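Asks:
Protein chains: 2
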Amino acid sequence: MTTERGASPLGRGRRPTIKDVAQAAGVSRSTVSRALTGRGYAADDVRERVQRAAAELGYVPDVMARTLKQQVSRSIGVIVSDLRNPFYADLAAGAGAEARSRGYTMVLADTGLSADAENEAAEAFVALRVAGVVVTPNSPKVSTYLGSHGIPVIEVDRQFAPGVTDGVVVGNRVGARDATTHLVSLGHRRIALFIDETNWTTGYERYQGYSEALAMGGATVEPELVVSSGWDVADSRRRALDMLRLPDRPTAVFAANNVLAEGVWRAIAELGLRVPADVSLVAFDDAPWMSMVSPTVTAVAQDTMGLGAAAVRRLHERLETPDGESLTTVLAVRLVTRGSTGPCPDGARGTG
Amino acid sequence: MTTERGASPLGRGRRPTIKDVAQAAGVSRSTVSRALTGRGYAADDVRERVQRAAAELGYVPDVMARTLKQQVSRSIGVIVSDLRNPFYADLAAGAGAEARSRGYTMVLADTGLSADAENEAAEAFVALRVAGVVVTPNSPKVSTYLGSHGIPVIEVDRQFAPGVTDGVVVGNRVGARDATTHLVSLGHRRIALFIDETNWTTGYERYQGYSEALAMGGATVEPELVVSSGWDVADSRRRALDMLRLPDRPTAVFAANNVLAEGVWRAIAELGLRVPADVSLVAFDDAPWMSMVSPTVTAVAQDTMGLGAAAVRRLHERLETPDGESLTTVLAVRLVTRGSTGPCPDGARGTG
DNA sequence: AACCGATATGGCATCGTTCCCACACGGGTC
DNA sequence: GACCCGTGTGGGAACGATGCCATATCGGTT
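Protein sequences, first through last, are from chains L and D. Start counting the first sequence at 1; every next residue gets the next number (the UniProt record's numbering). Start counting the second sequence at 1; every next residue gets the next number (the UniProt record's numbering).
(1) Relative to the C-alpha of ASP110 (chain D), which residue among D:LEU273, D:ASP248 and D:VAL80 is closest?
(2) Could you spell out where the beta strand (DSSP E) holding GLY167 (chain L) opens and where it closes?
(3) Need the endpoints of the alpha helix (DSSP H) that VAL21 (chain L) sits in, please.
(4) Taking only beta-carbon atoms, is ARG100 (chain D) less than 9 Å away from chain L?
(5) Going along the chain, which residues of its own chain have a beta-carbon closer than 6 Å to the beta-carbon of LEU225 (chain D), five neighbours each way excluded?
(6) Just to confirm, is the Cβ distance from VAL78 (chain L) to GLY96 (chain L) under 9 Å?
(7) Measure the CB-CB distance between ALA260 (chain D) and SER280 (chain D) and report whether it falls below 9 Å.
(8) Which residues bound the alpha helix (DSSP H) around residue 361 (chain D)?
(9) Closer than 8 Å, Cβ to any Cβ of chain D: which residues of the UniProt domain "HTH lacI-type" (16–70) of chain L, in chain order?
(10) In chain order, what residues of the region 84–118 of chain L put their CB closer than 8 Å to some CB of chain D?
(11) Return the chain-ordered ranges of every beta strand (DSSP E) run that is complete within the region 94–139 of chain D and spans a minimum of 3 residues.
(12) So which residues of chain D does GLY255 (chain L) contact, with C-beta pairs closer than 8 Å?
(13) When you compare the CB of ASP82 (chain D) with every CB in chain L, is at least one pair closer than 9 Å?
(14) For ARG239 (chain L), report the span of its alpha helix (DSSP H) as first-last.
(15) Expressed to the nearest angstrom, what Euclidean distance is found between the alpha-carbon atoms of VAL319 (chain D) and ARG52 (chain L)?
(16) Can you give me the C-alpha to C-alpha distance between SER326 (chain L) and GLN70 (chain L), rounded to a whole angstrom?
(17) Please state whether the Cβ-Cβ distance between PHE125 (chain L) and LEU91 (chain L) is less than 9 Å.
(18) ILE151 (chain L): which of L:ILE268, L:VAL135, L:ASP20 and L:GLY58 sits nearest, CA to CA?
(19) When you compare the CB positions of GLY171 (chain L) and ALA256 (chain L), do they come within less than 9 Å of one another, or not?
(20) Within a Cβ cutoff of 8 Å, which residues of the same chain sit near ASP346 (chain L), ignoring the five residues on either side of it in sequence?
(21) Is the beta carbon of GLY263 (chain D) closer than 9 Å to that of ARG237 (chain D)?
(22) Just the Cα atoms here: how many angstroms apart are LEU271 (chain D) and LEU241 (chain D)?
(23) Over the uninterrupted alpha helix (DSSP H) stretch that includes LEU260 (chain L), give me the two end residues.
(24) Under 7 Å between beta-carbons, which chain L residues line up against ALA124 (chain D)? List them in chain order, please.
(25) So which of L:THR198, L:GLY94 and L:VAL297 has the shortest CA-CA distance to LEU335 (chain L)?
(26) With a Cβ-Cβ cutoff of 9 Å, do ARG177 (chain D) and GLU212 (chain D) count as a contact?
(27) On a Cα-Cα basis, can you pick out the residue from L:ARG49, L:ALA24 and L:VAL130 that is closest to MET64 (chain D)?
(28) Could you tell me which of L:VAL60, L:LEU108, L:GLU98 and L:SER73 sits nearest to LEU83 (chain L), measuring between CA atoms?
(29) Can you tell me where the alpha helix (DSSP H) with LEU36 (chain D) in it begins and where it stops?
(30) Output the distance between the C-alpha atoms of GLY58 (chain L) and SER143 (chain D), rounded to the nearest integer angstrom.
(31) Please list, in chain order, the chain L residues whose beta carbon lies closer than 7 Å to that of PRO288 (chain D).
(32) Can you tell me whether THR105 (chain L) is buried or exposed, with buried defined as 16 or more other CB within 10 angstroms of its CB?
(33) Skipping 5 residues on each side, what residues in its chain have a beta carbon closer than 7 Å to that of SER28 (chain D)?
(34) Where does TYR41 (chain L) land, buried or exposed, given buried means 16+ other C-beta within 10 angstroms?
(35) What does DSSP give as the partner residues of ARG334 (chain L) in its beta bridges?
(36) By DSSP, does SER229 (chain L) sit in helix, in strand, or in coil?
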């Protein structure tokens, strides 16, 4: 015997139901329901007796039965791409806290970068009859699928269906432009961009911001300086090693997310390059390590927990107003200037 | 209109039920159930027809109804202390992946270091009738409560009820001993210990390991070098600043978790101390930043995702064998030697 | 011709909760 | 005394899926 069961005078392993409470309190099931939920009449003494009986038995209403009857659940699904990435972990933490404060239970699915997992999670959420879903989508499929089942979806961080599905994103374009402009104003012209892709809103907008800043600085995008890397540190590191070994290497790198930044940072360290004397680095998304390494890394900080919280808030509103206009919320970002960005080395000036 | 509803020929917002499928396929509900679940007879042509009808309607069985009828759910609850801490995030990721591979849905609760949230989560899990719960407990209450409701619990990382509840932990004692012995063998004798507490299994065991290693090296625990810090970076940093400013400061610090290590690390950097020339640092739990800062930080690495996965595996076994002996699984750790540990400075030798 | 087993399907009670409806009581009004 | 109201309670039908049991058909056996 390991776990003690049934502290109550019921059969072993049987959980008390509303019927048990009714019997113990000497009333009907209906009365117990009214007394405990507070909906409908119940005399004070009866209410009290029922509550005591419920507490004594350790009665907890069965959410399954309740949801089945009421046809609305108080749980929301959250799908993130990779919990091990602090960005998604923070986002989930923010969503979880907000959900809790609004009385929702969060069901979290970590797809671990697998498309299958994303679809499976969506189906599981339909099966669970969640009230709504918050997702950092990797394809338009999830939103379409859930939408066709009448489940409200909030796309967060990236958005595949603006205008149709609600979204919560950050100022990607502005953030990327500020970051790049910062480098331009330090004299850099050959600025590499490490980015995961340029098709989704996020990547596209960050690319746009980068491009605009270059244009404003009188430079243009050089295709060989734009690296579309895979979604992991190893690949980013490899690509960065290749690029930084070139004789005419860029004088600065803008890494469009924390994973890519880590790869670039590791490559720089391996090559023994000095930061920012040899090369400047700026990242989009301020991961914890960026303020711990030396030099510290200049980054576009986003309120990641706020992003998750805002998504849940939006979902809550959507549930209250199912037919309202769909809305995209844009959260502000801010450039945190640190040690990794400095003036363009004299030798490289004017060559770009 | 934002979300499209009811691609199927049903009423707006109505989700197809088994009855709709039965009607569409021209069979009874029982037959649909058998055809889709594969339990019981169903002629090949009928099975096919039913499956086609289900697919066409986008039918997804209602987990609520199924669970209500079967009285066993396929979801497990996971309670972690702080998703923003990479340790818990990795643990949750490991648990989630393992759960998914075994066909469970994970319901995650992040207590954010609040005791209330822990109890609320436990109650929510009872209400949800989860099959079992994996928890990094902060008090014995959760396990007792869930146990009294007949819900199997796996305590992970720390264990309040060994012998009663299953547990999955790491070799805290050995890890702490190895870490401390490493410092001792480098000549250190005045070794500070930063630890969150010394009462739970985790803290107690790490303290024991530290103490044993000192004894083996011919030194003893000096109470003023043992700091029981709060569970956040700021506090740890403050306490480290105080200690490292002392004239007879320790020559090495063993930080018993990644949060405390971060505080100590920041304090060291602020004071401009050289690592490891002035002070050596070793941490329990190898967080990502430890291999990125310079010098890199020597740490006791634990397989955090493995910890989460092992907990879910153990829970699965427990569900199959409810009355088996309760078991505590101990996972191995290994000391990763890096740049933050070096010989004890000559001046300090022999003063401890 | 009666019977059997195998194959295949439908009827129906059930899980725990909610909530509509019916009903019962006491007291006030006409 | 018939009525209606307000207050309080219980009966019972749902919600959607499952799975036991009854039933039906058919080929083969006794």
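Yeah, the Cβ is synthetic: ideal placement off N, Cα and C, and Gly gets one too. Note that this is a predicted model, so its numbers are computed, not measured.
Replies: The answer reads as follows:
(1) Translated into positions along the second sequence, residue 110 (chain D) becomes position 110. Checked all of D:LEU273, D:ASP248 and D:VAL80; the closest Cα to ASP110 (chain D) is D:VAL80.
(2) As a position in the first sequence, residue 167 (chain L) is number 167, starting the count at 1. Per DSSP, GLY167 (chain L) belongs to the beta strand (DSSP E) from 166–170.
(3) For the purposes of this step, residue 21 (chain L) is taken as residue 21 along the first sequence, with counting starting at 1. Looking at the DSSP string, the run of the alpha helix (DSSP H) that includes VAL21 (chain L) is 18–25.
(4) Indexing the second sequence from 1 puts residue 100 (chain D) at position 100. Taking Cβ atoms only, chain L reaches closer than 9 Å to ARG100 (chain D), which makes this a yes.
(5) Within the second sequence, residue 225 (chain D) is the residue found at index 225, counting from 1. Excluding positions up to five away in sequence, the list reads ALA192 and PRO250.
(6) Translated into the one-based positions of the first sequence, residue 78 (chain L) becomes position 78. Translated into the one-based positions of the first sequence, residue 96 (chain L) becomes position 96. Yes, these two residues count as a Cβ contact at 9 Å.
(7) By one-based count along the second sequence, residue 260 (chain D) stands at place 260. By one-based count along the second sequence, residue 280 (chain D) stands at place 280. According to the sequence as given, residue 260 (chain D) is Leu; it is not Ala. Contact flag unset, no.
(8) Outside the shown range of chain D (1 to 352) lies residue 361 (chain D), about which nothing can therefore be said.
(9) GLY58, VAL60, PRO61, ASP62, VAL63, MET64, ALA65, THR67 and LEU68
(10) ARG84, PRO86, ALA89, ASP90, ALA92, ALA93, GLY96, ALA97, ARG100, THR105, MET106, VAL107, LEU108, ALA109, ASP110, GLY112 and ALA117
(11) 105–110 and 132–135
(12) As a working note, residue 255 (chain L) is residue 255 in the first sequence. In the sequence under discussion, the amino acid at residue 255 (chain L) is Ala, which differs from the Gly named in the question. Those within 8 Å of ALA255 (chain L) in chain D number zero; the least Cβ separation is about 14 Å.
(13) Taking the second sequence and counting its residues from 1, one reaches residue 82 (chain D) at position 82. Taking Cβ atoms only, chain L reaches closer than 9 Å to ASP82 (chain D), which makes this a yes.
(14) Locating residue 239 (chain L) in the first sequence gives position 239, where the first residue counts as 1. Per DSSP, ARG239 (chain L) belongs to the alpha helix (DSSP H) from 233–245.
(15) Within the second sequence, the letter at position 319 stands for residue 319 (chain D). Within the first sequence, the letter at position 52 stands for residue 52 (chain L). In the sequence as presented, Val is not what sits at residue 319 (chain D); that position holds Leu. Taking the straight line from one Cα to the other gives about 32 Å.
(16) Within the first sequence, the letter at position 326 stands for residue 326 (chain L). Within the first sequence, the letter at position 70 stands for residue 70 (chain L). C-alpha separation (whole angstroms): 26 Å.
(17) On the first sequence, position 125 is the one that residue 125 (chain L) refers to. On the first sequence, position 91 is the one that residue 91 (chain L) refers to. Against a cut-off of 9 Å, the Cβ pair of LEU91 (chain L) and PHE125 (chain L) comes out as no contact.
(18) Reading the first sequence from its first residue, position 151 is the one you call residue 151 (chain L). Taking only the C-alpha atoms, the option nearest ILE151 (chain L) is L:VAL135.
(19) Here residue 171 (chain L) corresponds to residue number 171 of the first sequence, with the count starting at 1. Here residue 256 (chain L) corresponds to residue number 256 of the first sequence, with the count starting at 1. No, they are not a contact pair.
(20) Translated into positions along the first sequence, residue 346 (chain L) becomes position 346. Answer for ASP346 (chain L): no residue qualifies.
(21) Within the second sequence, residue 237 (chain D) is the residue found at index 237, counting from 1. Within the second sequence, residue 263 (chain D) is the residue found at index 263, counting from 1. Yes.
(22) Taking the second sequence and counting its residues from 1, one reaches residue 271 (chain D) at position 271. Taking the second sequence and counting its residues from 1, one reaches residue 241 (chain D) at position 241. The alpha-carbon atoms of LEU271 (chain D) and LEU241 (chain D) are separated by roughly 8 Å.
(23) Translated into positions along the first sequence, residue 260 (chain L) becomes position 260. 258–271 is the extent of the alpha helix (DSSP H) around LEU260 (chain L).
(24) Along the second sequence, read from residue 1 onward, the residue named residue 124 (chain D) stands at position 124. Simply THR105.
(25) Walking along the first sequence from the start, residue 335 (chain L) turns up at place 335. Comparing Cα positions, the closest option is L:VAL297.
(26) In the second sequence, the residue the question calls residue 177 (chain D) occupies position 177. In the second sequence, the residue the question calls residue 212 (chain D) occupies position 212. Going by C-beta atoms, ARG177 (chain D) is nearer than 9 Å to GLU212 (chain D).
(27) Locating residue 64 (chain D) in the second sequence gives position 64, counting from the first residue. Ranking L:ARG49, L:ALA24 and L:VAL130 by Cα distance to MET64 (chain D) puts L:VAL130 first.
(28) Here the question's residue 83 (chain L) lines up with position 83 in the first sequence. With distances taken between Cα atoms, LEU83 (chain L) lies closest to L:LEU108.
(29) As a position in the second sequence, residue 36 (chain D) is number 36, starting the count at 1. 29–37 is the span of the alpha helix (DSSP H), which, as asked, contains LEU36 (chain D).
(30) The count along the first sequence starts at 1 and reaches residue 58 (chain L) at position 58. The count along the second sequence starts at 1 and reaches residue 143 (chain D) at position 143. Distance between the alpha carbons of GLY58 (chain L) and SER143 (chain D): 15 Å.
(31) Working through the second sequence from its first residue, we reach residue 288 (chain D) at position 288. In chain order: TRP289.
(32) As a first step, residue 105 (chain L) must be located in the first sequence, where it is residue number 105. By the neighbour-count rule (16 or more Cβ atoms within 10 Å), THR105 (chain L) is buried.
(33) By one-based count along the second sequence, residue 28 (chain D) stands at place 28. Same-chain partners within the cutoff: ALA22.
(34) In the first sequence, counting from the first residue as 1, residue 41 (chain L) sits at position 41. The residue in question, TYR41 (chain L), is exposed, as its Cβ has fewer than 16 Cβ neighbours within 10 Å.
(35) The residue given as residue 334 (chain L) occupies position 334 in the first sequence. Answer is L:ALA301, bridged to ARG334 (chain L).
(36) The residue labelled residue 229 (chain L) in the question sits at position 229 within the first sequence. SER229 (chain L): coil per DSSP, three-state reduction.
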